[in-house]
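A.B. asks:
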Ligand code: NDP
């Protein structure tokens, strides 16, 4: 799948297979990074209220001169903003910070099952979608029981589930749940924050193909059917992560990477994180 190919969503819309993430991009650098990435050809920006850089996201988008509809913008509702009315207020605040009048995808950032507010938060997102202010709605870090509750209680299936996914945490069961429900899996920390760059299996494939370890890993995400949002604040890194169209992993490469799964989470456990 070419990185800029679009993956269909279950609501009739679609999203670019590859985008770039803004976590830990310093607020003062964000407009420059966004403008640079869009200039290189990226068309999906993954933001979140908690990243503290939504102003730069909007500013970079305007600086790029691209028509608004050419760029897919995601942002997320933070844990402390869960609840019906709180989520609506949080959404308004995100729009105000970014200066946008709609987002393409609004996600519940974490399920926070101890708060037990994700169903009513989801009802707020359904309202935002119905009003056209969030074109698509989805979730992040949701496990199968969380997804099933949303569907059982509201009848609305998320378009996307953005989850931690990289060679050391391959999430086969959750990917299968997403697939069964018609939800696109989007991989966060897709490079495992660099943890697999020195893995001998990845290095051998990279050497054979004349590609970098990062490119091999990103290509793997696309070939297993995931959307992917790597982060780089360097121009060279952004360009490298987008150059994935002119090579492919073999079935043998995919099988070799499948052996690297180690339950190696870098982030919190979604069942416990509040
Ligand atoms: P990644 O797995 O994308 O790794 C980023 C790290 O890899 C950076 O240190 C970057 O450094 C380096 N890197 C990137 N490209 C290359 C390259 N080609 N060669 C060498 N090094 C490279 O980590 P993130 O944790 O940032 O995840 C990506 C995005 O996922 C986030 O920005 C965010 O949007 C999203 N996310 C979502 C979460 C959620 O709960 N929904 C949680 C965490 C992340 P450098 O900048 O120097 O290139």
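In this note's numbering, the protein residues as written are 53 to 326.
Glycine included, each C-beta is placed from N, C-alpha and C at the ideal position.
All figures in this text were calculated on a predicted structure; none of them were measured in a lab.
(1) Around the C-beta of residue 132, are 16 or more other C-beta atoms found within 10 angstroms, so that it is buried, or is it exposed?
(2) Looking at the strands, I want to know which residues DSSP matches up with residue 218.
(3) Three-state secondary structure (DSSP) at residue 208?
(4) State the Cα-Cα distance for the pair residue 177 and residue 161, rounded to the nearest angstrom.
(5) In angstroms, rounded to a whole number, what distance separates the CA positions of residue 316 and residue 114?
(6) Jot down the residue ranges of each uninterrupted alpha helix (DSSP H) in the segment 136–219, minimum 4 residues, whole runs only, in chain order.
(7) Assuming the contact rule is C-beta atoms closer than 8 Å, residue 301 and residue 92 should be a hit. Round their C-beta distance to whole Å, please.
(8) How close, in whole Å, do the beta carbons of residue 285 and residue 123 come, if the pair is a contact with beta carbons under 8 Å?
(9) Whose C-beta lies closer than 7 Å to the C-beta of residue 305 among residues of the same chain, with five residues either side of it excluded?
(10) Let me check understanding here. Comparing Cα to Cα, which of 224, 218, 156 and 263 lies closest to residue 245?
(11) Return the chain-ordered list of same chain residues with a C-beta closer than 6 Å to the C-beta of residue 230, the five sequence neighbours on each side being excluded.
(12) Report the partner residues of residue 85 according to the DSSP bridge assignment.
(13) Taking DSSP as the reference, what is the three-state secondary structure of residue 121?
(14) Quick one, are the C-beta atoms of residue 154 and residue 186 less than 8 Å apart?
(15) When you measure from the CB of residue 106 to every non-hydrogen atom of the ligand NDP, does any distance come out below 7 Å?
(16) Tell me whether residue 134 counts as near the ligand NDP, meaning its Cβ is closer than 7 Å to at least one heavy atom of that ligand.
(17) For residue 285, is the beta carbon positioned less than 7 Å from some heavy atom of the ligand NDP?
(18) Do residue 234 and residue 209 count as a contact pair if the criterion is CB distance below 8 Å?
(19) Is residue 246 helix, strand or coil when you go by DSSP?
(20) So residue 117 packs on residue 151, CB below 8 Å; how close in whole Å?
C.D. replies: Checking against the coordinates, here is how it stands:
(1) Counting Cβ neighbours within 10 Å, residue 132 comes out exposed, since fewer than 16 surround it.
(2) In DSSP, residue 218 forms a bridge with 221.
(3) It is coil, neither helix nor strand.
(4) Distance from the CA atom of residue 177 to the CA atom of residue 161, rounded to whole angstroms, is 12 Å.
(5) C-alpha separation (whole angstroms): 38 Å.
(6) If we require 4 residues or more, the alpha helix (DSSP H) runs fully inside the segment 136–219 come out as 136–150, 170–182 and 196–206.
(7) At roughly 23 Å, the Cβ-Cβ gap does not stay under 8 Å, so residue 301 and residue 92 are not in contact.
(8) Rounded, the Cβ-Cβ distance is 19 Å, inconsistent with contact.
(9) Within the same chain, residue 305 has close Cβ partners 257.
(10) With distances taken between Cα atoms, residue 245 lies closest to 218.
(11) Correct list, in chain order: 213 and 237.
(12) DSSP output for residue 85 lists no bridge partner at all.
(13) Collapsing the DSSP output to three states places residue 121 in a helix.
(14) Yes, the Cβ-Cβ distance between residue 154 and residue 186 is below 8 Å.
(15) Checking every heavy atom of the ligand NDP against the Cβ of residue 106, none is found closer than 7 Å.
(16) Residue 134: no, Cβ never under 7 Å from the ligand NDP.
(17) Yes, the beta carbon of residue 285 sits closer than 7 Å to at least one heavy atom of the ligand NDP.
(18) Yes, the Cβ-Cβ distance between residue 209 and residue 234 is below 8 Å.
(19) It is helical.
(20) Cβ-Cβ separation between residue 117 and residue 151: approximately 15 Å, too far for a contact (criterion under 8 Å).
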